[in-house]
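Written below as structure tokens is the structure these notes are about.
In the working numbering, the protein residues as written are -13 to 537.
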């Protein structure tokens, strides 16, 4: 099938079933059977098996036509690993195939090999095929200095050789922007704008350069382009979004109104416009758009989440709970279930919360562990209910670190120290280097027992695993205080307090200073902590126990 081998368009299933073209070289005997199997697999529409067999042969036979066919099949199947290997193989077998060189460059860029990718980009450009050179700058800031310099030199060389190639110019502009060379960046992108005045990437890049430099009216060129090309919805959408980002909400709303008039059922535009309405507290308008998204069966999790929030704000609690319950696993999932639980906490009973989470686990079994956690957290105000929820969760997930840790904290709050320690040590039995658990156990032993030496060993291990963690430094400073090691204690607590001026850290630091007779300093630290939380219980307990009178 010569068309399949040479055509550059995405193949159809029918084309993939067609017989391969005659090979340019004799087929080695060892390859005949695999190629026949591949052919029969394709005719049977088993494209995965066919792709596997063709790829295997393409990597051992020196046949560009076969490799090209295998590459197109891998792309059809969205098999990135095979497509990357085959594009490199094809570029090696057919150095005059610019499309192969461009494909190889793209795969190498995506796999984090920018220098090699740029070599193939140069080959493609020399053969008259444009390449997305800018793709090599996605992780530029994470590269070491030598590699950054080499990548920059390669892109600058391409820009010098192909000054009229828009893709190269855009990459060179992005590089100049990363280097904060604004005049160079503008000089590189202006010719692209002159050649392609409606090119979205170029206009957006120019606009970003203006925003970077805080110039007056940074969106002017984008606004002009929207006026010149009123039917270009992508330009208008980006303009609307940037207006919102720059705080021009009325301008953004006006643009979204135009967009939705042009395409009223566009999910992306509806979603963005609805979110803008929500942020501006135009809840009726937002609700109408989110309900429209639900009717379109688009962006359902996001739409149900915000419908729930709006209904909750309107005190329409059953509708809010129903909407939150409809949010599936997504970035909104956890907060939706937590908000539903909060509505139930405020308006219903523990049994209603238990039933809600039971139903949610049935509907979303893959999120069952997370739902047990949320249930337990939601039931804290009912005696024994939270512990019972953790017990149910651990019956289903006996090795869950989150559930064990949560139950341990409940045990501690109820004074069940042996049960607390058992749960925390169950975590450490699975992962002896779990820093948060080492710290929690050590801190609890410090506060609840006199096993200070044992606690110090645990917390020292935690700090070695998470150096610089303010919470762990606070714990270690506190146990050193209990051991009478005031100098080490003060040093750690000061460092923790500087990094994270939490009132609990202030309570500990103040007590260490007080124990050393530095009463004025101690009072200053406590007062600072009480300014943050004016009735913080740990500070108040410390000053009451020590008989301190604050001004």
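All C-beta atoms in this analysis are idealised placements derived from N, C-alpha and C, irrespective of residue type, glycine included.
Give the C-beta separation of residue i and residue j to the nearest angstrom, bearing in mind that I take them to be a contact with Cβ-Cβ under 8 Å.
| i | j | result |
| --- | --- | --- |
| residue 144 | residue 178 | Not confirmed; about 14 Å, so no contact. |
| residue 528 | residue 496 | 7 Å |
| residue 39 | residue 20 | 5 Å |
| residue 116 | residue 151 | 6 Å |
| residue 48 | residue 28 | Not confirmed; about 22 Å, so no contact. |
| residue 293 | residue 266 | Not a contact, Cβ separation roughly 17 Å. |
| residue 463 | residue 449 | That pair is no contact at about 10 Å. |
| residue 315 | residue 353 | 5 Å |
| residue 312 | residue 288 | With 8 Å as the limit, residue 312 and residue 288 do not qualify as a contact, their Cβ atoms being about 11 Å apart. |
| residue 171 | residue 162 | 4 Å |
| residue 432 | residue 465 | 4 Å |
Which one of the options has the shortest CA to CA distance from residue i?
| i | options | result |
| --- | --- | --- |
| residue 331 | 50, 197, 298, 350 | 298 |
| residue 278 | 260, 156, 209, 268 | 260 |
| residue 471 | 439, 457, 484 | 439 |
| residue 55 | 44, 489, 48 | 44 |
| residue 70 | 353, 57, 63 | 57 |
| residue 165 | 198, 61, 265 | 198 |
| residue 112 | 83, 92, 124, 136 | 83 |
| residue 491 | 457, 467, 74, 466 | 457 |
| residue 291 | 325, 203, 25 | 325 |
| residue 373 | 181, 400, 384, 385 | 400 |
| residue 252 | 17, 264, 281 | 281 |
| residue 186 | 275, 210, 335, 393 | 210 |
| residue 387 | 397, 194, 410 | 410 |
| residue 422 | 167, 434, 446, 533 | 446 |
| residue 136 | 195, 102, 153 | 102 |
From residue i to residue j, what does the alpha carbon distance come to, in whole angstroms?
| i | j | result |
| --- | --- | --- |
| residue 389 | residue 414 | 14 Å |
| residue 356 | residue 309 | 19 Å |
| residue 22 | residue 81 | 28 Å |
| residue 535 | residue 511 | 14 Å |
| residue 437 | residue 444 | 11 Å |
| residue -7 | residue 50 | Low confidence applies to residue -7: its pLDDT is 41, below 50, so where it sits in the model is not reliable enough to give any reading. |
| residue 93 | residue 46 | 20 Å |
| residue 303 | residue 106 | 60 Å |
| residue 95 | residue 121 | 6 Å |
| residue 262 | residue 231 | 10 Å |
| residue 149 | residue 238 | 36 Å |
| residue 159 | residue 429 | 53 Å |
| residue 66 | residue 77 | 16 Å |
| residue 521 | residue 395 | 23 Å |
| residue 494 | residue 367 | 28 Å |
| residue 295 | residue 319 | 13 Å |
| residue 233 | residue 190 | 18 Å |
| residue 418 | residue 139 | 47 Å |
| residue 240 | residue 216 | 14 Å |
| residue 269 | residue 229 | 20 Å |
| residue 505 | residue 408 | 40 Å |
| residue 483 | residue 455 | 11 Å |
| residue 134 | residue 124 | 12 Å |
| residue 109 | residue 220 | 32 Å |
| residue 453 | residue 481 | 12 Å |
| residue 335 | residue 364 | 11 Å |
| residue 168 | residue 126 | 18 Å |
| residue 286 | residue 275 | 12 Å |
| residue 12 | residue 87 | 26 Å |
What does the Cβ neighbour count give for residue i, buried or exposed, with the cut at 16 atoms within 10 Å?
| i | result |
| --- | --- |
| residue 370 | exposed |
| residue 425 | buried |
| residue 517 | exposed |
| residue 404 | exposed |
| residue 31 | exposed |
| residue 343 | buried |
| residue 249 | exposed |
| residue 346 | buried |
| residue 349 | exposed |
| residue 206 | exposed |
| residue 523 | exposed |
| residue 173 | exposed |
| residue 382 | exposed |
| residue 379 | buried |
| residue 100 | buried |
| residue 361 | buried |
| residue 515 | buried |
| residue 300 | exposed |
| residue 398 | buried |
| residue 8 | Low confidence applies to residue 8: its pLDDT is 45, below 50, so where it sits in the model is not reliable enough to give any reading. |
Would you check whether the ligand SAH has a heavy atom nearer than 8 Å to the C-beta of residue i?
| i | result |
| --- | --- |
| residue 353 | Although the ligand SAH was asked about, the structure shown includes no ligands whatsoever. |
Would you list, in sequence order, the uninterrupted alpha helix (DSSP H) runs of no fewer than 4 residues that lie entirely inside the segment 274 to 302?
286 to 299
List, from N- to C-terminal side, the alpha helix (DSSP H) runs of 4 residues or more that fit wholly inside the segment 152 to 239.
152 to 164, 168 to 181, 186 to 198, 206 to 214, 219 to 231
Taking only runs that begin and end inside the segment 296 to 355, name each unbroken alpha helix (DSSP H) of 4 or more residues, in chain order.
Complete alpha helix (DSSP H) runs here, min 4: 303 to 311, 319 to 333, 336 to 349.
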